[in-house]
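Numbering (UniProt numbering), first residue to last: 1 to 122.
C-beta atoms are modelled at their ideal positions from N, C-alpha and C, and glycine is treated no differently.
Here the structure is a predicted model, which is why all the values come from computation and not from measurement.
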Amino acid sequence: MQNIDELIARYIATWNETDRAARRAAIEELWSPDGVYTDPMAVAAGTDAIDATIAAVQEQFPGFTFSLAGPVDAHHDIARFTWELAQDGAEALVVGFDVAVITAEGRIDRVHGFLDKIPTGA
């Protein structure tokens, strides 16, 4: 299995990739074909739905970028990490905590997301 820190960094990078073709290629490389992303506001099953979910978040928060907000903690086939969504130099508008389940081949199979801070009205 590849380095988990690298895998999660690439996962975060897909959320920032605005080129549709590059984002789709990254998703297909990182995720298992039947992967599922779930958070309190979305369930995306399969690479098409994951891609559409990322595109929708980018549309909702134009000019914002995701970043890791601390170290990745991992063991066996799971990793947990905190992320932030912010504009350059600004306080994070959204903060979340994800748990990723990784396949034996080193691909993301599931992400269980939790939202710790969201804007009012979101």
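What residues in its chain sit with their C-beta under 6 Å from that of residue i, if we drop five residues either side in the sequence?
| i | result |
| --- | --- |
| ALA42 | THR53 |
| MET1 | Any reading at MET1 must be qualified, since the residue scores a pLDDT of 42, below 50, and its modelled position is unreliable; the value itself is stated next. Cβ neighbours of MET1 beyond the five flanking positions: GLY106. |
| ALA9 | none |
| VAL111 | TYR37, ASP98 and ALA100 |
Determine the extent of the alpha helix (DSSP H) in which residue i is found, giving its start and end residues.
| i | result |
| --- | --- |
| THR47 | 47 to 60 |
| ILE27 | 20 to 30 |
Going by DSSP, what residue range makes up the beta strand (DSSP E) through residue i?
| i | result |
| --- | --- |
| ILE4 | Careful: ILE4 lies outside any beta strand (DSSP E), inside the alpha helix (DSSP H) at 4 to 16. |
| ARG107 | Note, ARG107: premise wrong, no beta strand (DSSP E); not H, not E. |
| ALA79 | 78 to 86 |
| LEU93 | Careful: LEU93 lies outside any beta strand (DSSP E) and carries neither H nor E. |
| PHE64 | Unbroken run through PHE64: none, as it is neither H nor E. |
Near residue i, which residues of its chain fall below 8 Å by C-beta distance, leaving aside the five closest residues on each side in sequence?
| i | result |
| --- | --- |
| ILE78 | VAL99, ALA100, VAL101 and ILE102 |
| ARG80 | VAL72, ASP73, ALA74, PHE97, ASP98, VAL99 and ALA100 |
| ALA44 | VAL36, TYR37, THR38, ILE50, ALA52 and THR53 |
| GLN87 | GLY63, PHE64, THR65 and LEU93 |
| ASP34 | ALA45, GLY46 and ASP109 |
| PRO40 | GLY113, PHE114 and LEU115 |
Would you mind giving the Cβ-Cβ distance between residue i and residue j, rounded to the nearest angstrom? I have them listed as a contact below 8 Å.
| i | j | result |
| --- | --- | --- |
| ILE118 | VAL72 | Contact flag wrong, Cβ pair sits at about 22 Å. |
| ASP116 | PHE97 | 6 Å |
| ALA21 | ALA13 | About 15 Å; that fails the 8 Å criterion. |
| VAL94 | THR82 | So it is not a contact: roughly 11 Å between Cβ atoms. |
| PHE114 | LEU85 | About 14 Å; that fails the 8 Å criterion. |
Of all the CB atoms in chain D, is at least one closer than 8 Å to the CB of residue i?
| i | result |
| --- | --- |
| ASP88 | Here there is only one protein chain, and chain D is not present. |
Less than 7 Å between C-beta atoms, sequence neighbours within five positions excluded: which residues of the same chain meet that for residue i?
| i | result |
| --- | --- |
| ARG23 | THR14, GLU17, ASP51 and ILE54 |
| GLN58 | THR18 |
*asked:* Under 8 Å: do the segment 18 to 32 and the segment 65 to 72 share three or more Cβ pairs, one atom per stretch?
replied: no
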